[in-house]
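In UniProt numbering, the protein residues as written are 1 to 559.
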């Protein structure tokens, strides 16, 4: 019996039936398969990408950047060909998309826009990739050459992350207090604040479906395929007569009972178009239940017409709604850029079971005995105790194996999200990660603050610069001039002198210098997570990471 089975498998392989079968299935699902595009791919490896994703992203970019004068040379793109991959290859469009999703991430003065060469295109792409990393996109194993080559699976994966950051940026209670209206009677505000943007969107849809007397959905795939939930959602959020400053928009239900799913979806999207929200999905995407594109469709609906009101009663503790600090956001983006699982939406609650901390330990080469780790799903009874056990182990690893300073920190502090104590551990993880990069570049001995400061000052002196730093608290750093001079020493001609203000600096001048310095640093290949405000305010921790990353770039150049 086993011999016969083996012979059948060999026959299938020899006739290449499996390949033709896979090809026919992919065609039906709208998936394009391309040969292994990595130089280290195994022979026969295939990277698939969705044509639907490509079409959706092209249409979104065409609409979002249609009025940008710097993009007129490549927009509108044709969604039916490879325009997208060709248009992204010089980095300009990618930089613009990052700023669209997270405004002011990139100082546009740092973008090469005219008379582009192979080198200046590569600079733009490095700027885009390092900036994408800084806003929490995972760019591990993606290089500028991959984007120049237009590798579809990598390009579309990166674009989706960038678009998602923008779509989800306001789907958070501290930014939109009206979301409190989604609380159920038995919930506290803390529970709602722990929900991810995806979970909040699902809650938002069901809130409106409940008001419409329609059944709830549990996903953005199977449950929306008949378009009927969408009809009711559109009807609930469409502006009604009497809404201040808005013209009433009537949703036509004449297509609701259309027997053909595809035609019903088409009629529904005609109604969405009345709201200016037809983006991301086609009728086919709705009927096939494409979860990614339907999620984007719903997020765009929410951002345009949330149709929520902040509760009028004062029974909630609104002090809980304070948004994350810049430091917290920096740490969260750093973790996400490394590809931790699950994605960190809320720094403290999402670290409460220790699993992400264990992943970060492994990234800084602190071994984790995974047999000692409790993994989800956690039991309903005693589940939190399992999480605390994980956190106790995380603290133990930090003290014994990583040699971190964790005095007075216990597992319960991490589990309960104590801000001060959690950040103390997270900062040491980030610091070790940064210093490991320097050690890998061959810096002799133990790398510490003094090593970095000495290297910075020696590099500045060798380049005949007049700036220097005494510590990471040196107030001259508030001008960003030591950083800009160091960049110039590492990569001559990267800094345009006319863009830098050197004398009689106002607070606005300092901020402009800081924005330019960080973007130029990313442009020359330094992966910097710090914000311009960190330099202006001379925050020693973040300042240290900036100089360390520039040192890494300088050492890498020498190698």
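Don't be surprised by glycine CBs; every beta carbon is placed ideally from N, CA and C.
Everything numeric in this text was worked out from a predicted model, so none of it was measured.
Asked	Found
Per-residue burial, residue 288 [other beta carbons within 10 Å of its own, 16 or more giving buried]	buried
Cutoff 8 Å; reference residue 77; Cβ partners in own chain excluding five residues on either side	58, 61, 62, 83, 84, 87
From 371, 181, 411, residue whose alpha carbon lies closest to that of residue 389	411
Test item: CB-CB of residue 220 and residue 294 under 8 Å	yes
Beta-carbon contacts of residue 554 that lie in its chain and below 7 Å, excluding the five residues immediately before and after	459, 490
8 Å contact criterion, which residue 551 and residue 455 should meet: CB distance rounded	5 Å
Residue 487 versus residue 111 - alpha carbon distance	16 Å
Residue 372 burial status per 10 Å Cβ neighbour count (16 or more: buried)	exposed
For residue 286 and residue 299, believed in contact at Cβ under 8 Å, the rounded distance	Rounded, the Cβ-Cβ distance is 15 Å, inconsistent with contact.
Cut-off 7 Å between Cβ atoms - residues of its own chain near residue 519, not counting five sequence neighbours on either side	106, 107, 110, 127
Outcome for residue 354 when other beta-carbon atoms lying within 10 angstroms are tallied against a minimum of 16	buried
Cβ neighbour criterion (16 or more within 10 Å) applied to residue 496	exposed
Candidates 189, 511, 148, 335: closest to residue 137 by CA position	335
Residue 520 CB to nearest heavy atom of the ligand SAM below 7 Å	This structure simply doesn't include the ligand SAM, nor any ligand for that matter.
Cβ pair residue 89, residue 150 closer than 8 Å	yes
Pair within 8 Å by beta-carbon distance, residue 542 and residue 530	yes
Stretch-stretch touch, CB-based, cutoff 8 Å, three pairs: the stretch 423-437 with the stretch 330-344	yes
Contact under 8 Å by Cβ, residue 452 with residue 547	yes
Coil, strand or helix - residue 516 by DSSP	helix
Cβ pair residue 236, residue 307 closer than 8 Å	yes
Which of helix, strand or coil DSSP assigns to residue 50	strand
Environment of residue 123 [buried if 16+ CB atoms lie within 10 Å]	buried
Straight-line Cα distance separating residue 537 from residue 515	13 Å
Segments assigned alpha helix (DSSP H), at least 4 residues, entirely inside the stretch 135-221	144-148, 152-168, 189-193, 197-212
Distance CB(residue 132)-CB(residue 98) smaller than 8 Å	yes
Neighbourhood of residue 207 by C-beta distance below 6 Å, restricted to the same chain and skipping five residues each side	182
Check whether residue 94 and residue 71 have beta carbons under 8 Å apart	no
Cβ separation of residue 134 and residue 100, assumed to be a contact under 8 Å, to the nearest whole Å	Going by Cβ atoms, the distance from residue 134 to residue 100 rounds to 15 Å, so no, they are not a contact pair.
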